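Chemist:
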Amino acid sequence: MNQVIRLMPFVLMTLVSLLSSPVTAQSPVPYTPVTAERLLQPEADNWLMYRRTYDGWGYSPLDQINTKNVATLAPSWTFSTGVEEGHQSPPIVNNGVMFITTPKNQVLALDAKSGEILWRYRRELPEDLFQLHPTNRGIALYGDKVFLATVDAHLLALNAKTGEVVWDQTVENYLTGYYMTLAPLVARGKVMVGVSGGELGIRGFIQAFDAETGKPVWKTHTVPGPGEKGHDTWPGETWKTGAVSIWVTGTYDPQLNLAYWGTGNPGPFLSEVRRGDNLYANSVIALDADTGEIKAHHQYHWNDAWDWDEVSAPLLLDVKRPGKSFKALVHAGRNGYLWLLERHADKITFVDATPFVHQNVFTKLDPETGRPSYDPQRIFGVGKRAEFCPSLSGGKTWPPAAYNPQTGYLYIPANENLCSALTGKQETYTAGQLYMGVDFSDIEFVPRPEAKQHIGELQAWDLNAGKKAWTVKFKSHNWGPVLTTGGGLVFMGGTNDRYFRAFDAKTGKQLWQQRTNSGVVGVPTTYQIDGVQYIAVQSGWGVDAQRVQEFLDKAWGVKTFIPQGGVLWVFALRK
Amino acid sequence: MPRAENQLEESTNAHPCAECCTSRLVSRRTVLKSALGLGVSLHFASIAESAETDPKKLRPQIGDIFLFSAGAHQGQVVTLNNLPEGGPPAFAYPLDPKTQTLRDGSRLNRVLLVHLAQAALTDPTRAVAAEGVVGYSAICPHTGCDVSGWQADTQHLICPCHTSTFDPKDRARVVGGPAPRSLPLLPLQIADGKVTVAGAFSARVGAEQK
Ligand code: FES
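The listed protein sequences derive, respectively, from chains R and X.
Residue 10 is where the first sequence starts when you use the numbering used here, and the numbers rise one by one after that.
Residue -7 is where the second sequence starts when you use the numbering used here, and the numbers rise one by one after that.
#1: Report buried or exposed for P70 (chain R), applying the criterion of at least 16 other Cβ atoms within 10 angstroms of its Cβ.
#2: Following the continuous beta strand (DSSP E) through R394 (chain R), name the residue where it begins and the one where it ends.
#3: Could you spell out the range, first to last residue, of the alpha helix (DSSP H) harbouring A119 (chain X)?
#4: Does DSSP put Y183 (chain R) in a helix, in a strand, or in coil?
#5: Between which two residues does the alpha helix (DSSP H) carrying K373 (chain R) extend?
#6: Report the three-state DSSP secondary structure of G207 (chain R) (helix, strand or coil).
#7: Determine whether the Cβ of S254 (chain R) lies closer than 9 Å to any Cβ atom of chain X.
#8: State the start and end residues of the unbroken alpha helix (DSSP H) segment that holds A560 (chain R).
#9: Just checking Q140 (chain R) against the ligand FES - is the residue's beta carbon closer than 8 Å to any of the ligand's heavy atoms?
#10: In whole angstroms, what is the alpha-carbon distance linking L498 (chain R) and H134 (chain X)?
#11: Taking the alpha carbon of R507 (chain R) as the point to measure from, which residue in R:W578, R:S450, R:L492 and R:A460 has its own alpha carbon closest?
#12: Would you call the region 370 to 378 of chain R and the region 443 to 461 of chain R in contact, with 3 or more CB pairs under 8 Å?
#13: Assess contact between the region 175 to 193 of chain X and the region 53 to 69 of chain X, defined as three or more Cβ pairs (one per stretch) separated by less than 8 Å. Is contact present?
#14: Spatial neighbours of T159 (chain R) within its chain, please: CB distance less than 7 Å, with the 5 preceding and 5 following residues excluded, ordered by chain position.
#15: Verify the CB distance criterion: does D316 (chain R) have a CB-CB separation below 9 Å to chain X?
#16: Ignore the nearest five residues each way along the sequence and tell me which others in S19 (chain X)'s own chain have a CB closer than 7 Å to its CB.
#17: From D620 (chain R) to T406 (chain R), what distance separates their C-alpha atoms?
#18: Do the region 528 to 548 of chain R and the region 96 to 103 of chain R touch if we need at least three Cβ pairs shorter than 8 Å?
#19: What's the gap between the Cα of G574 (chain R) and the Cα of P244 (chain R)?
#20: Taking only runs of the alpha helix (DSSP H) that begin and end inside the region 39 to 107 of chain R, which ones reach a length of at least 4 residues, in chain order?
#21: Which whole-angstrom value is the C-beta distance of T229 (chain R) and I255 (chain R), which I expect to be below 8 Å?
#22: Within the region 293 to 360 of chain R, note down every full beta strand (DSSP E) run reaching 3 residues or more, in order along the chain.
#23: What residue from X:R173, X:P170, X:L177 and X:G79 has the CA that sits closest to W142 (chain X)'s CA?
#24: If we call anything under 9 Å between Cβ atoms a contact, is G495 (chain R) one with Y68 (chain R)?
#25: From which residue to which residue does the beta strand (DSSP E) around A82 (chain X) run?
#26: Can you check whether the C-beta of Q92 (chain X) is within less than 9 Å of a C-beta belonging to chain R?
#27: Is H107 (chain X) close to chain R? Criterion is C-beta to C-beta, closer than 9 Å.
#28: Am I right that S450 (chain R) and I131 (chain X) are in contact with their C-beta atoms under 8 Å? What's the rounded C-beta distance?
#29: Report the neighbours of R99 (chain X) on chain R: residues whose CB is nearer than 9 Å to its CB, in chain order.
#30: Between V92 (chain R) and the ligand FES, is the CB less than 8 Å from at least one heavy atom?
#31: Any Cβ of chain R within less than 9 Å of the Cβ of C13 (chain X)?
#32: Span of the beta strand (DSSP E) holding Q115 (chain R)?
#33: Taking buried to mean at least 16 other C-beta atoms within 10 Å of its own C-beta, is D484 (chain R) buried or exposed?
#34: Taking any Cβ of chain R, which residues in the region 146 to 163 of chain X have a Cβ under 8 Å from it, in chain order?
#35: At least one CB of chain R closer than 9 Å to the CB of A62 (chain X): is that the case?
#36: With DSSP collapsed to three states, give me the class of L175 (chain X).
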């Protein structure tokens, strides 16, 4: 049973006529269907998908708000979501209609100019559901539908005009540990999603559904089964509980018709019980969007023992190196290395990789393949504690990096000076129960002495030169997704001091900041209506940011209070 | 880390919202008193309130005993003797001894049983404990995970999902993390050496539904 609150135009009219001057009377915002062509080439004014474009750049060409005037950016309107926990989803905007999601799978449709609510969908979640990651990372649009992947492992299509459920497809059984947090990826009339549950002994997969009917089209496991290529990288029955979650929306190359997905770590954390490479964990995999066939992959690191899910999909961009210009895949890894790969129709080749934070696990990389060798001291086992850097949450975890074609820089929201320690234990698998091979009390965050000065960073990398251009440092750890614009700006929140900030994309100089209600872990977006450019972001601290804060507080013997409760902020230049 | 947790406690007490904390305490005491004095009527109330008719899904009923749902004793009846004093806690499901119905039809029926030194329990906790054995819902009121962690030095229950920490010696009050309330308490008694349900859960089981 789900609940849709729809504010009919006549209700709005009545309210408006009762409460304010009639000149502001709202007319219903007409809805423009989202076509395949519009997804391939979105208008500058809109933000139609997770990272705006299939290449995953998180870049908008809009430039009304720019380095010269951003200091006068001010709140235009706000909207309280009424929900606690991690508000990570981007405001998606289609010709004046904005969609945001919140934890507990609420979807809100708003007039993107006025902030008027158009409808609200709230999912009644099962009472026996548990949420390791109480969040949602956004919707996808196609036709006149809005697609939502739910935390009880359903995929829904809502009517974009009314919020009513058009179809509801069960993707997996939540009671066995499957759930979804990602924004779906739409391409070629199909809606693609992947499942989470890596801490619960699931077997990960990506599945595509027909956008119109909701019928399953293909399903590809991220842990190969018997007879499938890569199956022999899992000993015995371990593939059945091999995890390899999909946490974040894939990117898509329409020329190759390949969807690129970052994959999670293998389960359980304890690597000695699943000796082998554990394909396709900690990898990028390239799936044929029509068939789901894995056409190519690159494994960033094998037999993971550090919970380094490589959750983010690589950004697709062109890189120029002396004597060579190529189509690249770029990924700032949770394992602390910045990976540069080359993409082809049938393979992914290694170009280079360099650590962007302190990393003490890899002793070397094979220059041809990029395959790392490990320091055995950094691998924990049953009764064997091992310390390693970066921490469990890595150099960068799910918050997306961004690429600005004007500067040629990649912007990475990073965490430095944080390490972790794990100690293993034997564990047996029970469906729907944590299955990590690590006791909770044996998970430690170990800040380096330098962490007192700073943890969070915003790094800019010149990919053509293969060098870091600048770094902004923050005292707090950083969970801020990045937006970059044609106005020469980079926007990011992410720190526990509740600020949302703008930086000069060329120099990293901070140009503006706004303190918000909570910590900003939402993906910022930008759009334009009637000649006015807006910047939109949700502020609502929670999930992993909250969890790491608890660990840090424990390590330092302090208590940090970061208020929760989501608010959408929309900014424009002061008139 | 006892020091950090003490600090946490102090900061909770020193919070400007002293009044709301007090009212929370009062309401918990009220519930507890009701559970103590009116166990039977609560028992009926719990049946009346619940539309549940499947006995496997019914919340624990007075007279139910327990079977270990995990660990070395899985499937065995929980007695005073096979629960190690001092912890760790055991996960168990209630069993109707008359019909032999195991109430494992809902994970919300998972119960944590901890055997602690009687002297370590606060008075109100001891009053609903059975010879040092305390029973709590295993479901975290934050977002519903199983509270499966145990910190031996402080004897605290920890939820692995987002580190909410509860003190089973004191009605499983929240001593850290995002949980909005304590774990629902299940009054117990010992009958024929078996750990037995003596009353209904002190509060609704499960995650906050806002
Ligand atoms: S579910 Fe227990 S702390 Fe979040």
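Every residue, glycine too, gets a C-beta built ideally from N, C-alpha and C.
Here the structure is a predicted model, which is why all the values come from computation and not from measurement.
Modeler: So, from the listed chains and residues:
#1: exposed
#2: R394 to F397
#3: D115 to V120
#4: In this structure, Y183 (chain R) counts as helix in the three-state DSSP scheme.
#5: That residue, K373 (chain R), is in no alpha helix (DSSP H); its beta strand (DSSP E) goes F371 to L374.
#6: It is helical.
#7: By this cut-off, S254 (chain R) is not an interface position.
#8: Checking the sequence, you will find Phe at residue 560 (chain R) rather than Ala. It spans V552 to W565 - the alpha helix (DSSP H) in which F560 (chain R) sits, taken as one unbroken run.
#9: yes
#10: Taking C-alpha positions only, L498 (chain R) is separated from H134 (chain X) by approximately 38 Å.
#11: Ranking the options by Cα distance to R507 (chain R), first place goes to R:W578.
#12: Contact between the region 370 to 378 of chain R and the region 443 to 461 of chain R is not established, with fewer than three Cβ pairs separated by less than 8 Å.
#13: The answer is yes - the region 53 to 69 of chain X touches the region 175 to 193 of chain X, with three or more Cβ pairs under 8 Å.
#14: Excluding residues within five positions, the ones whose Cβ falls inside 7 Å are N114, R132, L165 and M189.
#15: Chain X contact via Cβ: absent.
#16: Residue confidence for S19 (chain X) is low, a pLDDT of 36 falling below 50, so the modelled location carries little weight; the figure read from the coordinates is stated next. Sequence-distant partners of S19 (chain X) (beyond 5 residues in either direction) whose C-beta falls short of 7 Å from its own C-beta are missing from its chain.
#17: Residue 620 (chain R) falls outside the range modelled here, since chain R spans only 10 to 584, and no answer is possible.
#18: yes
#19: 45 Å
#20: 45 to 49
#21: With 8 Å as the limit, T229 (chain R) and I255 (chain R) do not qualify as a contact, their Cβ atoms being about 10 Å apart.
#22: 303 to 308, 324 to 330, 333 to 341 and 346 to 352
#23: X:G79
#24: yes
#25: Annotation for A82 (chain X): the continuous beta strand (DSSP E) segment containing it runs A82 to D88.
#26: Not one chain R Cβ lies under 9 Å of Q92 (chain X).
#27: no
#28: The Cβ separation is near 20 Å, so there is no contact.
#29: Under the 9 Å cutoff, chain R gives D137, F139, L184 and G441.
#30: no
#31: Note on C13 (chain X): pLDDT 33, under 50, position unreliable in the model; the coordinate value appears next. So no, C13 (chain X) is outside the interface.
#32: Q115 to D120
#33: Position check: residue 484 (chain R) holds Lys in this sequence, whereas Asp was assumed. Around the beta carbon of K484 (chain R), a 10 Å sphere encloses fewer than 16 other beta carbons of the protein chains shown; the residue is thus reported as exposed.
#34: Only those residues of the region 146 to 163 of chain X whose C-beta falls short of 8 Å from the nearest C-beta of chain R are listed: I150, P152, C153, H154 and T155.
#35: yes
#36: coil
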